[in-house]
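Below is one structure, written out as structure tokens, with a few remarks after it.
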Amino acid sequence: MNEDGVTKVPFVDLAAQFSHIEAEVLEAITGVLERGDFILGESVDRFEHEMAEYCEAAHAVGVDSGTSALELALRACDIGPGDEVITVANTFIATVLAISHSGATPVLVDIDRDTYGIDVSQIESAISPSTRAIIPVHLYGHPVDMDPVLEIARDHQLTVIEDASQAHGARYKGKRVGALGDLGIFSLYPAKNLGAYGDAGVIVTNESSIAERLRLMRNYGSTSKYVHEFRGYNRRLDTIQASVLRVKLEYLDKWNQMRRDHAAYYIEALAALGSKVTPPRTAGYAEPVFHLFVVSVEDRDGLQRHLADRGISTLVHYPIPVHLQEAYEDLGLGPGSFPEAEDSANHIVSLPMYPELDRATIDKVVEAISDFVRP
Ligand SMILES: *Cc1c(COP(=O)(O)O)cnc(C)c1O
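FYI, our numbering numbers position 6 of the sequence shown as 2, with every residue one higher than the one before it.
Dropping the structure here:
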């Protein structure tokens, strides 16, 4: 409650989630403290097996963040300086930072306005003789249409690395995202659908040789203690975080279903407002996981202020497309380069979405939106 006695609506509520799993989490952490196996301990190995199985993949390799996961995935495929990697203009900046950190050059593609993901029909024209990989991002928890992406990749001999950081557990034509391409990465940042209590990430793949290389790469390039085959990194998944992730993975399907139920309830309630609010769309091939619930409205800034005045938290994912960020000035892509991404950035807003949300809260959010769009 704030000073006026109004109950605030948070954007996410990790404390509410913790209250449901507190005993299990504390027991898991205590187990690590008692064993003392803090670096690449038992929980890391177990989490990797459970995560691989969950993703219907042969292997999972835990690392220290999603950004690391993507950079190492590129490096494990020998992608670096002189190579181009295709991804999308609307994503969290880390997707593109990882490409830059590998030494490769990012090549951006506009979005498809229905799903806000990469416009698959524009990928082929972005391919050059230097292109080595495509990184489709399953943005907001909605899968990219992967079959055409995989077909383009086959035709041009490109590696496909899925950025599934917002889509843990989502399905594409019945199959889990992550291992649909050559590799997939997940951020396990606290607010993600599967989140640690600190930074963490994981890479999944069906290719044993790549998994093996990633295991060495995250651990100084060590084949055995003090024997180094190549110049690796220290990018390991922390054992305490792995123990927390094992507890949470058991709940992921249930939490994702709660998100889908909330999304359906939001969409039904918003339908009463007519065409003034465009709800998220789900493609026929997709089982999304609603990491974010993104709507589009004419006066987005006005709506955000109106909701903020009523104690309702919202965010924009993302207000500035990658090519208009100062960090990517050197791409030389000014306004007008990606019209759909640029236009959507001015109209989208993410409403509160987390498993512990309840219908009364959703009613309150929709009522506040209704007050704004039809005064
Ligand atoms: C969160 C996120 C990342 C980065 O993950 P970190 O764990 O914060 O490094 C990368 N890509 C996307 C799409 C994300 O949402």
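Using N, Cα and C, we set each Cβ at its ideal position, and we do this for glycine too.
It should be emphasised that the depicted structure is a prediction, and the values quoted were computed from it without experimental measurement.
Residue j beta carbon less than 8 Å from that of residue i
{"i": "Pro393", "j": "Ala187", "result": "The requested residue 393 does not occur in the structure, where the chain is confined to residues -3 to 371."}
{"i": "Gln162", "j": "His287", "result": "yes"}
{"i": "Glu225", "j": "Leu212", "result": "yes"}
{"i": "Gly76", "j": "Ser98", "result": "yes"}
{"i": "Phe7", "j": "Ser292", "result": "no"}
{"i": "Glu294", "j": "Pro317", "result": "no"}
{"i": "Val369", "j": "Val240", "result": "no"}
{"i": "Val103", "j": "Val140", "result": "no"}
{"i": "Ala85", "j": "Ile107", "result": "yes"}
{"i": "Gly62", "j": "Ile181", "result": "yes"}
{"i": "Ala69", "j": "Ile199", "result": "yes"}
{"i": "His313", "j": "Ser346", "result": "yes"}
{"i": "Ala265", "j": "Asp359", "result": "yes"}
{"i": "Thr235", "j": "His55", "result": "no"}
{"i": "Asp110", "j": "Arg277", "result": "yes"}
{"i": "Gly323", "j": "Ile82", "result": "The displayed chain sequence assigns Ala, not Gly, to residue 323. No, they are not a contact pair."}
{"i": "Thr155", "j": "Ala129", "result": "yes"}
{"i": "Glu38", "j": "Arg31", "result": "yes"}
{"i": "Glu20", "j": "Val243", "result": "yes"}
{"i": "Val5", "j": "Gly328", "result": "no"}
{"i": "Asp79", "j": "Ala100", "result": "yes"}
{"i": "Val361", "j": "Pro348", "result": "yes"}
{"i": "Leu190", "j": "His164", "result": "yes"}
{"i": "Leu233", "j": "Val40", "result": "yes"}
{"i": "Tyr112", "j": "Met142", "result": "no"}
Buried or exposed (CB count within 10 angstroms, at least 16 for buried), residue i
{"i": "Lys250", "result": "exposed"}
{"i": "Ser15", "result": "exposed"}
{"i": "Gly270", "result": "exposed"}
{"i": "Ala94", "result": "buried"}
{"i": "His134", "result": "buried"}
{"i": "Ile131", "result": "buried"}
{"i": "Arg372", "result": "This structure leaves residue 372 out entirely; the chain is present only between -3 and 371."}
{"i": "Asn252", "result": "buried"}
{"i": "Arg227", "result": "exposed"}
{"i": "Leu353", "result": "buried"}
{"i": "Gly330", "result": "exposed"}
{"i": "Phe34", "result": "exposed"}
{"i": "His45", "result": "exposed"}
{"i": "Gly332", "result": "exposed"}
{"i": "Gln237", "result": "buried"}
{"i": "Arg355", "result": "exposed"}
{"i": "Ser64", "result": "buried"}
{"i": "Pro351", "result": "buried"}
{"i": "Thr3", "result": "exposed"}
{"i": "Asp195", "result": "buried"}
{"i": "Glu67", "result": "buried"}
{"i": "Met(-3)", "result": "Residue placement at Met(-3) is poorly supported in this model, since its pLDDT is 47, which falls under 50; the coordinates still yield a value, given next. Answer is exposed; the Cβ neighbour count stays below 16."}
{"i": "Asn342", "result": "exposed"}
{"i": "Ser170", "result": "The question names Ser, but residue 170 in the sequence shown is Gly. With fewer than 16 Cβ atoms within 10 Å of its Cβ, Gly170 is classed as exposed."}
{"i": "Tyr222", "result": "exposed"}
{"i": "Thr87", "result": "buried"}
{"i": "Leu299", "result": "buried"}
{"i": "Gly280", "result": "exposed"}
{"i": "Ala376", "result": "A query on residue 376 cannot be resolved here, the shown segment of the chain reaching from -3 to 371 and no further."}
{"i": "Thr127", "result": "buried"}
{"i": "Ile157", "result": "buried"}
{"i": "Leu29", "result": "exposed"}
{"i": "Arg150", "result": "exposed"}
{"i": "Ser255", "result": "For clarity, residue 255 is Arg in the given sequence; the question names Ser instead. Label assigned to Arg255: buried."}
{"i": "Gln13", "result": "buried"}
Min CB distance residue i to chain B below 8 Å
{"i": "Ala196", "result": "Protein chains in the displayed structure number just one, and chain B is not present."}
Whole-number beta carbon distance between residue j and residue i, since they are thought to touch under 8 Å
{"i": "Ala192", "j": "Leu184", "result": "5 Å"}
{"i": "Asn230", "j": "Tyr216", "result": "6 Å"}
{"i": "Tyr50", "j": "Val290", "result": "Incorrect: roughly 25 Å between the Cβ atoms, too far for contact."}
{"i": "Thr91", "j": "Asp178", "result": "Not really, about 16 Å apart at Cβ, beyond 8 Å."}
{"i": "Ile72", "j": "Ile263", "result": "Looking at the sequence shown, residue 72 is not Ile but Ala. Actually they are not in contact, since the Cβ atoms of Ala72 and Ile263 sit about 40 Å apart, beyond 8 Å."}
{"i": "His138", "j": "Ala260", "result": "So it is not a contact: roughly 14 Å between Cβ atoms."}
{"i": "Arg172", "j": "Glu52", "result": "5 Å"}
What ranges does the beta strand (DSSP E) occupy inside the stretch 299 to 364, keeping only unbroken runs of at least 3 residues that lie completely in it?
344 to 347
Ignoring anything shorter than 4 residues, give me the alpha helix (DSSP H) runs that lie fully in the stretch 75 to 141, in order along the chain.
89 to 98
Beta strand (DSSP E) runs wholly inside the stretch 31 to 64, at least 3 long, in chain order
55 to 59
Pick out the complete alpha helix (DSSP H) segments inside the stretch 183 to 213, 4 residues or longer, and give them in chain order.
204 to 213
Which ranges would you report for the beta strand (DSSP E) in the stretch 240 to 310 if only whole runs of at least 3 residues count?
289 to 293
Residue ranges of each beta strand (DSSP E) within the stretch 144 to 173, 3 or longer:
155 to 159
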